[in-house]
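Sequence order for the protein chains is S and V. My numbering applies: residue 176 is where the first sequence begins, and numbers increase by one. My numbering applies: residue 4 is where the second sequence begins, and numbers increase by one. Positions of the beta carbon are idealized from the N, C-alpha and C atoms, including for glycine. Here's the structure, in structure tokens; my notes come after.
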Amino acid sequence: MTRSRFLLRTLAADPGGFVLLALALALGVAALCLFGTLGVGLQRTLQRLFPDSDRTLQVVPPRLALGGLSAKLDDAMLERLRAQPGVASASPRMLLRVPAVSFYQGDFFGHALNFAVEIAAQGVEPRLLQADLPPGEPFAELNGRALPACVSDGLLAIYNGTFAPARGLPQLSPKLLLGFELPVTVGRTFFNEGPKASQTVTARVVCVSPRALLAGLTLPLDTVRRLNRAYGQDADGYSSVSLVADSPAGLERLRLRVADLGLAVDDTEGGVRALGRAASVGAFVLLLLGALLLVLAVASIGQALMLSVRGRTAEIGLLRALGATRTDVAAWVLAQALVIGVTGGVLGVAVASLVGMALGGVLGRSLTDSALPIGGLLAFDPSIAVVALAAGILAALAGAYLPARFAARLDPAHAMAE
Amino acid sequence: MIELRGVGRSFGSRRVLDGIDLDVPAGQRVALRGRSGSGKTTLLNLIGGLDAGYTGEVRVDGRELRELGERGRARYRAETVAFVFQRANLIGPLSLLDNVMLPQLFSKARRTGRDSRARALEALDAVGLTPLAAAPAGQLSGGEAQRAALARALFAEPRILLCDEPTGSLDEESARPVAEILARLGSDRGLTVIVATHDRLISEGVQRRLLLRDGRLFEGEGEGGLPA
């Protein structure tokens, strides 16, 4: 007879009670794991889609020009913005102000494909995409080489979710897409030529990035500037500037300074961020619900173990008579809770990962046109599973604390008389 | 050697034991009689190290039990003394063999599983229960359960055996083998045995009889006996 065998026999004496307690705990752990995964997934997705979103402003030229005087978002203004206190960086963007279209005809990843599509494009400084570019890949227009272009991972998600299944085209990964080339004719629309002769260039995908334009191509800033100039469009004024503050706390002060400079702030992303924050708050509330279920499990375990201890007073007295110390008795009760905790915890994590997989699959199929990787929000996260498992075990031990204390304090002489 | 000097024990305002003096040499078998509530169980609990709330001195082999502390008394209970209570207190879901081996959970003595099993079977053999070794303890009759409790006590190889009304809940037919085993074990193994009992069969098998009355201990069976 070993202590572990004695412990298992003790638990086996009331299998129904053991299973019920483990299930109660599993429910709490599963909820905690699932809602925790959702919350963290939302945070990560938002962080990926809107990096530094909590300290970034999208500065745009003012929509209304009073008396013909309007602040222009040009290089001079960019320098003024960069010189503002509390500014960590300022990254300009310039839209291609010339119509462009792509007439594609040829092999598309093993499929013959013909399509024509209007192309929107923006130009950014290379350093904005530094983190997403393959090592050694320059983001600049070089003689004799195709134009480097980045596409949005959201666009890729839409292609994989909607376009590819509808046309019987292959699913593409970001890695597979690198190196893909398509012709871009600048200076004409889908229907007709512009006032100046169009020119056709080849754009080559060199990165897939959340910082890229969602529906279009992101090109080197100098290229877009050159094309705008060549077609007589504004080549000095930026469409927007991403202004990153030193800290989230400094964002509102920066907003006021931007207004003082006569510029406006585009809050479109702010709205999305607010939506994201609301979703995070929702996930947090669900997380609290999971925690509440765990607290209920703690109470159930505490009550059940207390009943068990009270019903086994004579047994505890016997163990003391056989030489058990108070610590031995407390350890015996806590060990029962530990077994319940581990069983319920593992069960809860398993249930959460299965439910997460099933829900992720359903959401992924029903929301295929979303730029957000919804299905991945509930993907199994080992670190959250470990935290939920630990929380389950701690909850079981917390529930057993009072019963263990009670059992340890039983007077053996009186316990034997029970 | 068990020595009690001026031992008193009260529960609230009720004085259960009052100035008990007692010497029990090693190997002696003693019957302890007295009315219900006279303090027999309390006295056994003090000698067994289950209760340290007494006044006076309780010494076993020269060691004062209260001074051993909580852990020391637990070790004393695990290695020196064994109990048989009025109720067998077997753990129902465990097999009889596992119940007998329970003291091993708290013993510091390292034994292999095979040694323990052999010793447990030997203890069961001594009380005539070997054929039931694998049976769930909950299925035993009252007499069998009390013999199993004796086997559990023997498994621990104690020097002192304390029995509190071991046949108190048994009919005469079931009580007889328990009394016989108790008498035989005491003499064969040289155990110091103190039995609180009203059972004539058990009283006949001991070397010394004591009476507890009004918190005082007397030699012999009659109220006119001398203080122990």
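Inset, instruction - For residue 579 of chain S, name the three-state secondary structure that DSSP assigns. - result: Reduced to three states, the DSSP call for residue 579 of chain S is helix.
Legend entry - Nearest-angstrom Cα separation, counted from residue 161 of chain V out to residue 189 of chain V: Rounded to the nearest angstrom, the two C-alpha atoms are 11 Å apart.
Inset, instruction - Could I get the ranges of all uninterrupted beta strand (DSSP E) runs contained in the region 59 to 91 of chain V, with 3 residues as the minimum, in chain order? - result: DSSP runs (the beta strand (DSSP E)) wholly in the region 59 to 91 of chain V: 84 to 87.
Legend entry - Which of helix, strand or coil DSSP assigns to residue 96 of chain V: For residue 96 of chain V, the three-state secondary structure derived from DSSP is coil.
Inset, instruction - Tell me whether residue 460 of chain S is buried or exposed, calling it buried when 16 or more other Cβ atoms sit within 10 Å of its Cβ. - result: Per the 10 Å Cβ criterion, exposed.
Legend entry - Which residues DSSP lists as bridging residue 374 of chain S, in chain order: In the DSSP output, where bridge partners are listed per residue, residue 374 of chain S has S/361.
Legend entry - Assigned exposure category for residue 462 of chain S - 16 Cβ within 10 Å defines buried: Residue 462 of chain S should be labelled buried.
Inset, instruction - Using a Cβ-Cβ cut-off of 7 Å, state whether residue 107 of chain V counts as contacting chain S. - result: Yes, its Cβ sits closer than 7 Å to a Cβ of chain S.
Inset, instruction - For residue 500 of chain S, go through chain V and note every residue whose CB falls closer than 7 Å to its CB, in chain order. - result: In chain order: 73, 74 and 77.
Inset, instruction - Report the option in S/561, S/566, S/512 and S/410 whose CA atom is closest to the CA atom of residue 577 of chain S. - result: Cα-wise, what sits closest to residue 577 of chain S is S/512.
Inset, instruction - Please name the residue, chosen from V/7, V/71 and V/92, that lies closest to residue 151 of chain V on a Cα-to-Cα basis. - result: The closest CA to that of residue 151 of chain V, considering only V/7, V/71 and V/92, is found on V/92.
Inset, instruction - With DSSP as the reference, please indicate the residues paired to residue 197 of chain V in a beta bridge. - result: Partner residues in the beta bridge of residue 197 of chain V, as assigned by DSSP, are V/33 and V/165.
Legend entry - Helix, strand or coil at residue 253 of chain S according to DSSP, with G and I counted as helix: In the structure shown, the three-state DSSP call for residue 253 of chain S is helix.
Inset, instruction - Give the residues of chain V in contact with residue 328 of chain S, contact being defined as C-beta atoms less than 8 Å apart. - result: By Cβ distance, chain V contributes nothing, its closest Cβ being about 59 Å from residue 328 of chain S, past 8 Å.
Legend entry - Close-in-space but distant-in-sequence residues of the same chain around residue 347 of chain S (CB under 8 Å, 5 per side omitted): The residues 284, 331, 334, 335 and 339, in chain order, have a CB closer than 8 Å to that of residue 347 of chain S in the same chain once the five nearest residues on each side in sequence are set aside.
Legend entry - DSSP beta-bridge partners of residue 269 of chain S: In the DSSP output, where bridge partners are listed per residue, residue 269 of chain S has S/298.
Inset, instruction - Give the straight-line distance between the Cα atoms of residue 567 of chain S and residue 521 of chain S, rounded to the nearest whole angstrom. - result: When rounded, the distance between both Cα atoms is 9 Å.
Inset, instruction - For residue 498 of chain S, count neighbouring Cβ atoms within 10 angstroms of its own Cβ and tell me buried if that reaches 16, exposed if not. - result: Buried, since its Cβ has 16 or more Cβ neighbours within 10 Å.
Inset, instruction - Using the DSSP secondary-structure output, state which residues sit across from residue 5 of chain V in a beta bridge. - result: Residue pairing by DSSP places residue 5 of chain V opposite V/27 and V/63 in a beta bridge.
Inset, instruction - Look up residue 177 of chain S in the DSSP assignment and give the residues it is bridged to. - result: Per DSSP, none; premise fails for residue 177 of chain S.
Inset, instruction - Check the DSSP bridge columns for residue 221 of chain S and list the partner residues they point to. - result: DSSP, once it has assigned bridges, lists no residue as partnering residue 221 of chain S.
Inset, instruction - Return the CA-CA distance between residue 6 of chain V and residue 27 of chain V, expressed in angstroms with no decimal places. - result: In this structure, the alpha-carbon of residue 6 of chain V lies about 7 Å from that of residue 27 of chain V.
Inset, instruction - Evaluate the contact criterion for the region 311 to 330 of chain S versus the region 368 to 387 of chain S: three or more CB pairs, one atom per stretch, below 8 Å. - result: With three or more CB-CB distances shorter than 8 Å, the region 311 to 330 of chain S counts as touching the region 368 to 387 of chain S.
Inset, instruction - State yes or no: is the C-beta of residue 485 of chain S within less than 7 Å of the C-beta of residue 583 of chain S? - result: Between residue 485 of chain S and residue 583 of chain S, the C-beta spacing is not below 7 Å.
Inset, instruction - May I ask you to check if the CB of residue 260 of chain S is nearer than 6 Å to at least one heavy atom of the ligand MN? - result: Of the ligands one can find in the structure shown there are none, so the ligand MN has no counterpart to examine.
Legend entry - Local conformation of residue 228 of chain V per DSSP, three classes: Summary for residue 228 of chain V: the model assigns pLDDT 49, below 50, so the residue's position carries little reliability, and this model does not support an answer.
Legend entry - residue 64 of chain V at chain S interface by Cβ criterion, 7 Å: At a cut-off of 7 Å between beta carbons, residue 64 of chain V makes no contact with chain S.
Legend entry - Integer-rounded CB distance, given that residue 127 of chain V should sit under 8 Å from residue 136 of chain V: Indeed they touch by this definition, with Cβ atoms about 6 Å apart.
Inset, instruction - Measure the alpha-carbon distance for residue 206 of chain S versus residue 191 of chain S and round it to whole angstroms. - result: Taken atom to atom, the span from the alpha-carbon of residue 206 of chain S to that of residue 191 of chain S is near 23 Å.
Inset, instruction - For residue 18 of chain V, collect the residues of the same chain with a Cβ closer than 6 Å to its Cβ; drop the 5 residues on either side in sequence, then sort them by chain order. - result: These residues qualify, in order along the chain: 218.
Legend entry - residue 295 of chain S versus residue 536 of chain S - alpha carbon distance: Cα atoms of residue 295 of chain S and residue 536 of chain S: separation of roughly 32 Å, rounded to the nearest angstrom.
Inset, instruction - Please list the residues of the region 479 to 492 of chain S that have a C-beta atom closer than 7 Å to any C-beta atom in chain V, keeping them in chain order. - result: If the cut-off is 7 Å between Cβ atoms, the region 479 to 492 of chain S has 489 and 490 near chain V.
Legend entry - residue 215 of chain V, enclosing beta strand (DSSP E) - first and last residue: 211 to 216 is the span of the beta strand (DSSP E), which, as asked, contains residue 215 of chain V.
Legend entry - Limits of the alpha helix (DSSP H) - the one that residue 222 of chain V falls within: Premise fails: residue 222 of chain V lies in the beta strand (DSSP E), 219 to 222, not in any alpha helix (DSSP H).
Legend entry - residue 111 of chain V classed as buried or exposed, judged by whether at least 16 other C-beta atoms fall within 10 angstroms: Sixteen is the threshold: since fewer than 16 other Cβ atoms of the shown chains lie within 10 Å of the Cβ of residue 111 of chain V, the residue is exposed.
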